[in-house]
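Below is one structure; the comments refer to it alone.
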């Protein structure tokens, strides 16, 4: 089928249309052995077919009031085997942590244990309704409370808000908490409007501060890749609400002056938000409370290994200091003499009256809580400490093993990710992007590129603690080989990469210029054109 | 610690390569006062697979699974049958353990299913375009209001009294901190509100749920016209997405943005999450839309492929000027939605919706015949409100003791509102049998006597 006006594979082969650009596949179908071309589900329609057996609806008198029944929707009809083949084939076009090393810096792609999947699917968790009577969900509330206990103890913080649905949602929650605390303390935030955010921060940090009604003021980095403490102090004043800092930071470094920063921030009457995306580098070895932090979100998928399914779901509980402990979203779990219960509204007798409302529907990402707790219990206090040690050891090993052929951006030690930049490619005609695409042909997912922005052409490599030495050595060998190849003048190898993937480099500019964001049937497109 | 592959010998040799005596010395940038010398106290040591399973399964066993008893709970989360193929496919490691598709050449699988998801959502809502999902229905609703504020450059949102209270709360929380006004109409159990009367020239949008929180389904065409006449947008929220298999879609009624909770298709109840927020709009508003988008393009050989696109709206480029701070979606839940929807197809989706409606009609007739029970909703899809002669929360607790999850007392979501204390929301889906309905009818009779 060729409903999108694209070249067919036959065209591409030159068999029909003479498209000499590619004879890569050399097959009639365009398939390459196990790598199969797969049309959209909409292009496989057999009208009237369905993949589910549903009984005939009972005959009743409709109660739809004044609303008409809808006409045809345009969904395709397929049988179950066809649907299974379609999505199996699509899956085969994906790189995943199950396929190999996924060194995407700051994303923390570590092994996802299947025990956690099994437990999250127990009907006692997956098949309970959020509005069942509390007496019928005591185990679920106990699980949330147990996970909360671990998060509080590991961070040394007295309180935690469990409901945020992702890391960035946790940031939002933490900044709302800060704003609510300032309003409570000062009567309003009309004076404290500024939030200081380092240049190296995740893009969500300034977006979050803005979404909370704050203005953003950037703090520069110093020559060592850390926040410039003097510049920060100079910006502090009684109009500053908070600082948002990532620690370990996005350059892979620990902010050495963090205690001094916290003291200065508090002395100015502001609060200290820490982006906890990189908590897995220090879990069990450093408690954020001991650094003077007031609020920090924890990406459960990163530190505690809940699978990320192509970009979500996540879960981002926020730990809070004493000063912020009451300023939490609803709902939350409390434990009393009669067992566990939920505080769902400010009218509840257990409410402190300081909560700031809901952040999402229902109680939080329960499925993620089960997985995270299973991961935590599997490691225990001793194992989580080892998690941080091995994550840091692996990153420093990569740094040390590549330091002579690539250019580390800053002096070590690094934490759980190693930052290089493109100075080693100078004069080769190869960019960071080209290098990344060549890694794909070698069987690796590329590292994070061009982030953090504070260095030019960044390579941010995060091996994580679930990689073995053998796996790292193989990766190092490939990276060294590519670096040497680039320096030897073989730029063409990089510019043409990747060559072995289901698709070669894709035209992203064209995609943005004339966005095609959904499939449209051939007939409609023809009509639209006429 | 079976997930950590390094041996002691590996660690020694790696430390030698790095040139440091111990792992501790790699933590030398941490202020000495904050360095912990030993595992944190008050936490258990690591446990084996068997022990962890026992501990967590023990907690699961203390809950009453909705599928193990007659269950009629709804109010924004619905128990539907999910075909076995769905969970099997989403557990394929290539889907399950993949990240955001930043490298399109090796993530065409994820990108293609997101493109299919966007198309399915646009089709069922009757809109032009959809994004690749947000956190859940309630957060989609709040994002839609903020988008309407951007589009209209106004900052006053009118929320229907038939909008799910959580959607209202989440929107109000964002309003408080983001700095816009929310006018929430009083709870509208009878379906009598006049929303158009609340719209003024500062109003950016009207948000209305269909079917409403109390069950009513309505034709929104006139409301859309009235809202548009005043320069505002109509946002339609759909808390039960299965209804779109039967009802005129919001797009055909004039909606500008449609948000929905997609949990019903492909996803389990999960005690409230993770769920999947759907978000669809008109072509002309695409660049104002929050969240991730997959677009079609071609590769270097001219072959069709997919990439993430229009990211110039997003936080990693626009920072404090971004359309939203969201940087993730509900990818795996969206995949489950897409697979289930593909299995249903045109035929199955319509049939599923019809069965849901028919079951609810049967149940409503059954309950209406009981003494002390009155069906309040004059129209509905698969959920309706009944007025009981006793406080609904008490009745529900009695039913739970008898092994029946008999619905959601409205007071759970509107605590303190005495006028609503007797209202019970009852939902029926394809999973409910005649025996379930018998159990609820006789349980209610007992509880009300």
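Chains as they are written, first to last, in this note's numbering: chain A, 881 to 1410; chain B, 128 to 576.
Don't be surprised by glycine CBs; every beta carbon is placed ideally from N, CA and C.
Computed from a predicted structure; not experimentally measured.
- A direct Cα-Cα distance of roughly 34 Å separates residue 1121 of chain A from residue 164 of chain B.
- For residue 362 of chain B, the enclosing beta strand (DSSP E) starts and ends at 360 to 365.
- Closer than 9 Å to the CB of residue 1170 of chain A there is at least one CB belonging to chain B.
- Residue burial annotation: residue 1049 of chain A is buried, with at least 16 other C-beta atoms found within 10 angstroms of its C-beta.
- Shown here for residue 238 of chain B: same chain residues with a beta carbon closer than 7 Å to its own, the five before and five after excluded, namely 228, 231, 421, 433, 434 in chain order.
- Scanning chain B for C-beta atoms nearer than 7 Å to the C-beta of residue 1239 of chain A yields 297, 300, reported in chain order.
- Beta-bridge partners assigned by DSSP to residue 1123 of chain A: A:1076, A:1152.
- In the structure shown, residue 397 of chain B falls within a helical segment according to DSSP collapsed to helix, strand and coil.
- For residue 474 of chain B, the chain A residues whose Cβ falls inside 8 Å of its Cβ are 928, 929, 930, 957, in order along the chain.
- Its chain contains 983, 985, 1339, 1340, 1341 as the residues whose beta carbon lies nearer than 6 Å to that of residue 1327 of chain A, once the 5 sequence neighbours on both sides are disregarded; these appear in chain order.
- Relative to the Cα of residue 1114 of chain A, the nearest Cα in the group A:1104, A:1126, A:1098 belongs to A:1098.
- Classified as exposed, residue 1350 of chain A has fewer than 16 neighbouring CB atoms from the shown chains inside 10 Å of its CB.
- In this structure residue 1345 of chain A is buried. Its beta-carbon is surrounded by 16 or more other beta-carbon atoms within 10 angstroms.
- The C-beta distance from residue 1366 of chain A to residue 1315 of chain A rounds to 7 Å, short enough to meet the 8 Å contact threshold.
- Its chain contains 173 as the residues whose beta carbon lies nearer than 6 Å to that of residue 128 of chain B, once the 5 sequence neighbours on both sides are disregarded; these appear in chain order.
- Annotation: the continuous beta strand (DSSP E) that includes residue 1341 of chain A extends over 1339 to 1341.
- Looking at A:1221, A:996, A:1148, the one whose alpha-carbon comes closest to that of residue 1016 of chain A is A:1221.
- For residue 431 of chain B, the enclosing beta strand (DSSP E) stretches over residues 431 to 435.
- The alpha-carbon of residue 389 of chain B is positioned some 5 Å away from that of residue 403 of chain B.
- In this structure, residue 1236 of chain A places its C-beta atom within 9 Å of the C-beta atom of residue 1209 of chain A.
- Of all alpha-carbon atoms in A:1347, A:1335, A:1151, A:1303, the one lying nearest the alpha-carbon of residue 1055 of chain A is that of A:1151.
- Residue 266 of chain B has its alpha-carbon roughly 27 Å from the corresponding atom of residue 532 of chain B.
- Nearest CB-CB separation between residue 1109 of chain A and chain B: not below the 9 Å threshold.
- In summary, the residues of the region 141 to 153 of chain B whose CB is separated from some CB of chain A by less than 9 Å are 141, 142, 144, 145, 146, 147, 150, 151, 152, 153, in the order they occur in the chain.
- CA-CA distance, residue 576 of chain B to residue 195 of chain B, rounds to 26 Å.
- Under a criterion of Cβ atoms nearer than 8 Å, the residues of chain A adjacent to residue 176 of chain B are, in order, 995, 1258.
- Counting along the chain, the unbroken beta strand (DSSP E) around residue 424 of chain B starts and ends at 421 to 425.
- For residue 1177 of chain A, the beta-bridge partners assigned by DSSP are A:1198.
- Pairing residue 384 of chain B with residue 408 of chain B gives a Cβ-Cβ distance under 9 Å.
- In the assembly as shown, residue 296 of chain B is a buried residue. Its beta-carbon has 16 or more other beta-carbons within 10 Å.
- The straight-line gap separating the alpha-carbon atoms of residue 1258 of chain A and residue 131 of chain B is approximately 11 Å.
- Linking residue 1292 of chain A to residue 1133 of chain A through their CA atoms gives a straight-line distance of about 8 Å.
- For residue 558 of chain B, the closest of B:149, B:400, B:205 by C-alpha to C-alpha distance is B:205.
- Contact of residue 184 of chain B with chain A is assigned, a C-beta pair being separated by under 9 Å.
- Per DSSP, the beta bridge partners of residue 1215 of chain A are A:1220.
- Across the region 970 to 988 of chain A, CB contacts with chain B closer than 9 Å involve 970, 971, 972, 973, 974, 975, 976, 977, 978, 979, 982, 984, 987, in sequence order along the chain.
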